[in-house]
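What follows is a set of notes on a single structure, which appears directly below.
Residue numbers (this note's numbering): 29 to 268.
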């Protein structure tokens, strides 16, 4: 990893503004390799140098990754003049990192949203060429059929230039409930697909994005940092 300035290291590690980090450093509360360091521009190796603040060891992360269990009634954007946004669900520390949602869920769609400040990763995952798998649980007003499964596999006309890409529809024993895996993300796609099949979606929840699964212990509206394994599974794809 490339060297970073001490003030950036402290700011990122503690979710402080750069000016707040400057104050901590100038007051002698930050140590570099066991010695007080007051040079805010001091370059250091984040992998090998040891930085502490008031005796607490700090860890530097260039980027940050979170999963949110989105509740109903929030839009997936950083700001909106009309509706509440998922950013209102984040604590001050996370908002400080300037994270943003990777892709969007409809206002009334629940479930997994990935947030990060890694723009390159977000661009990669959302690229139309990538076809990232996204799995949803859904409920409809009328029972689904094996013919619906077949049509989903073949592609459905939702009023656009091309049919939808092949999707995997898995109907449960209660035929008004199913799982569907998409490889693209058109506007209101699942609702439009089921509408074309003569059904109305009455409940929709995303449960997987790429290889990341919604944590069953994460309550609606709650957020947690991705585990190292989850983060690696996302970043690994960029190297392929």
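We treat Cβ as the ideally placed atom computed from N, Cα and C, and that holds for glycine. The structure presented is a predicted model; accordingly, all values stated were derived computationally and were not measured.
| For residue 147, which of 171, 41, 91 and 53 has the nearest alpha-carbon? | Distance from the Cα of residue 147 is smallest, within the candidate group 171, 41, 91 and 53, for 91.
| query | Is the number of C-beta pairs between the stretch 134-149 and the stretch 216-232 that are closer than 8 Å three or more? | reply | Yes, they touch.
| Using CA coordinates, which residue listed in 112, 107 and 94 is at the minimum distance from residue 100? | Distances from the alpha-carbon of residue 100 to those of 112, 107 and 94 put 112 closest.
| Cutoff 6 Å; reference residue 258; Cβ partners in own chain excluding five residues on either side | Answer for residue 258: 240, listed in chain order.
| Which residues does DSSP pair with residue 85 in a beta bridge? | Here residue 85 is bridged, per DSSP, to 80.
| Uninterrupted beta strand (DSSP E) stretches inside the stretch 60-139 (no shorter than 3 residues) | Every unbroken stretch of the beta strand (DSSP E) spanning 3 or more residues and falling wholly within the stretch 60-139 is given here in chain order: 79-81 and 93-98.
| field | Per-residue DSSP class, three states only, for residue 38 | value | In the structure shown, residue 38 sits in a helix (DSSP, three-state: H, G or I).
| query | Per DSSP, residue 210 is paired with what? | reply | Residue 210 is bridged to 162.
| task | Compute the Euclidean distance between the alpha carbons of residue 226 and residue 182, then round it to the nearest angstrom. | result | Rounded to the nearest angstrom, the two C-alpha atoms are 17 Å apart.
| request: Pull up the CB-CB distance for residue 196 and residue 209, whole angstroms please, since I reckon it's below 8 Å. | output: Contact between residue 196 and residue 209 holds: CB atoms are separated by about 4 Å, below the 8 Å threshold.
| message | Closest to residue 56 by C-alpha separation, out of 152, 34, 124 and 211, would be which residue? | response | Per the Cα distances, 34.
| said: For the structure I just gave you, are there three or more beta carbon pairs, one from the stretch 230-249 and one from the stretch 66-80, closer than 8 Å? | reply: Flag = no, the stretch 230-249 and the stretch 66-80 do not touch.
| task | Determine the DSSP secondary structure at residue 198, reduced to helix, strand or coil. | result | In the structure shown, residue 198 adopts extended strand secondary structure according to DSSP, grouped into three states.
| field | Spatial distance of residue 20 from residue 38 (CA atoms) | value | Residue 20 lies beyond the range of the chain shown here (29 to 268); nothing can be said about it.
| task | Under the assumption that residue 154 contacts residue 130 (Cβ atoms under 8 Å), give the Cβ distance between them as a whole number of angstroms. | result | For a cut-off of 8 Å, the C-beta gap from residue 154 to residue 130 is around 7 Å, short enough to register as a contact.
| What's the call for residue 268, buried or exposed, on a 16-neighbour Cβ count within 10 Å? | Any reading at residue 268 needs caution, since the residue's pLDDT is 48, under 50, leaving its predicted position unreliable; the model's value is listed next. Exposed.
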